[in-house]
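I have placed the structure first, in the form of structure tokens, so that the comments after it can refer back to it.
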Amino acid sequence: MAGGSEREPPDGPGGPRGAGGAPPRCGGAAGRSGRADGRSGGAGGGDGGPPGSPPLEGARVLLGVTGSVAAVKCGELARALQGGGAEVRVVATTAAAHFLDRAEASGYPGLPEEVEVLGDAQEWEAWSAVGDPVLHVELRKWADVLCLAPLSANSLAKLAGGFCDGLLTCTFRAWDWASGRAVVAAPAMNTLMWQSPLTDPQIDTLRRLGVRVVEPVAKMLACGDEGVGAMAAPDAIVLAVASALADSHRAPGAGTQAEPEVRAPT
Ligand code: PCO
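One point on numbering: in numbering that gives the first Met the number 0, the residue at position 233 of the sequence shown is 232, and numbering is uninterrupted.
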């Protein structure tokens, strides 16, 4: 499955980069707690941002990266979110870290140096006694929006099934849907995985929760197959995040997806 991207020239900004990119940095425990303390700004039109400011300005975006080859595009995605004024933190699954580590060797820009990358190890390290912060709860409080990109077939199944066996799945399971904070998901997987009858009900489950799904697109995939399954372009994901933020602030507490995106033909 891992494939690599040698069958398809890298298409991210910055062009190919040499091998030997730095591994993702895993910071310590959450460090910052909920928005009650230390919040320096807010999503535009929301709690902290000036009314009418762009939705990404000052927004706290938690980028959840899962184990699809498309994780190599997260450097580009994180930069695009930052370019809109967002503060970005990354939660990566163990499988995602494998791809993040190798993004630069495949010609994609790595994550920006200042972006904190958290994983399962940090969840355990953060807790040693009752009273210690629980990292997935702290992250849920911190984030204005959770952006799951790429969302792999495996993580999609886990999230739809309610599994919470790691930092990212626990953060999603603990999400405060009533708060109106948005969740955006950009699935990426092999075409036959995407077209499998298993996928539709899982995507529907996420949509019923209020998750906005940014459909995968058709291209030649990392494994050499051609078809629908590639992660949507970072710009499209950023637009969905901005739109979700704008909507969640227009209608606080109403985090459901008003108009589900049209599914790609299968
Ligand atoms: C293939 N799986 C995949 C994952 C989705 N692919 C993509 C793109 C990348 C290159 O542009 C890898 C980002 O093809 O999102 O290819 C077989 S399991």
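Here a beta-carbon is modelled for each residue, glycine too, at the ideal position from N, C-alpha and C.
No experiment lies behind these values; they were computed from the predicted model shown.
Name the two residues that bound the continuous beta strand (DSSP E) containing residue i.
| i | result |
| --- | --- |
| Arg59 | 59–64 |
| Cys73 | It is not in any beta strand (DSSP E) - Cys73 instead sits in the alpha helix (DSSP H) that spans 73–82. |
| Cys222 | No beta strand (DSSP E) contains Cys222, which DSSP labels as neither H nor E. |
| Pro186 | 181–186 |
| Pro149 | 144–150 |
| Glu115 | 115–117 |
Should residue i and residue j be called a contact, given that it needs their Cβ atoms to be closer than 8 Å?
| i | j | result |
| --- | --- | --- |
| Val68 | Ala221 | yes |
| Trp174 | Leu145 | yes |
| Ile236 | Ala181 | no |
| Val64 | Val89 | yes |
| Ala245 | Gly83 | no |
| Ala148 | Leu61 | no |
| Gly74 | Pro108 | yes |
| Ala187 | Leu150 | yes |
| Leu55 | Ala85 | yes |
| Leu205 | Val212 | yes |
| Val87 | Val114 | yes |
| Val183 | Ala243 | yes |
| Ala77 | Leu110 | yes |
Candidates the options: which alpha carbon is nearest residue i's?
| i | options | result |
| --- | --- | --- |
| Ala239 | Gly66, Leu80, Thr93, Gln121 | Leu80 |
| Glu122 | Val227, Thr190, Gly165, Asn189 | Gly165 |
| Leu138 | Leu155, Ser178, Pro196, Cys169 | Cys169 |
| Leu155 | Glu225, Ser195, Ala243 | Ser195 |
| Gly136 | Leu76, Pro111, Leu167 | Position check: residue 136 holds Val in this sequence, whereas Gly was assumed. Closest option to Val136, Cα to Cα, is Leu167. |
| Ala96 | Val116, Val183, Ala77 | Val116 |
| Asn189 | Glu225, Ala102, Gly130, Arg101 | Glu225 |
Which of helix, strand or coil does DSSP assign to residue i?
| i | result |
| --- | --- |
| Met192 | helix |
| Gly160 | helix |
| Leu197 | coil |
| Pro233 | helix |
| Ala245 | helix |
| Glu86 | strand |
| Leu68 | Residue identity differs from the one stated: residue 68 is Val in this sequence, not Leu. Helix at Val68. |
| Val210 | coil |
How should residue i be labelled, buried or exposed, when 16 other C-beta atoms within 10 angstroms of its C-beta is the threshold for buried?
| i | result |
| --- | --- |
| Thr93 | exposed |
| Lys218 | exposed |
| Arg207 | exposed |
| Asp119 | buried |
| Pro12 | Legend: pLDDT at Pro12 = 32, less than 50; position of this residue unreliable, value from coordinates given subsequently. Exposed. |
| Ser105 | buried |
| Gly57 | buried |
| Ala35 | A caution first: Ala35 carries a pLDDT of 33, below 50, which makes its placement in the model unreliable, though a value can still be read off. Result: exposed. |
| Ala29 | Below a pLDDT of 50, predicted positions are generally treated as unreliable, and Ala29, at 36, falls in that range; no measurement from the model is reported. |
| Ala128 | exposed |
| Gly228 | buried |
| Gly209 | buried |
Could you please give the first and the last residue of the uninterrupted alpha helix (DSSP H) stretch that includes residue i?
| i | result |
| --- | --- |
| Leu166 | 166–172 |
| Ala128 | Where Ala128 is concerned, there is no enclosing alpha helix (DSSP H), given that its DSSP letter is neither H nor E. |
| Glu137 | 134–141 |
| Ala95 | 93–100 |
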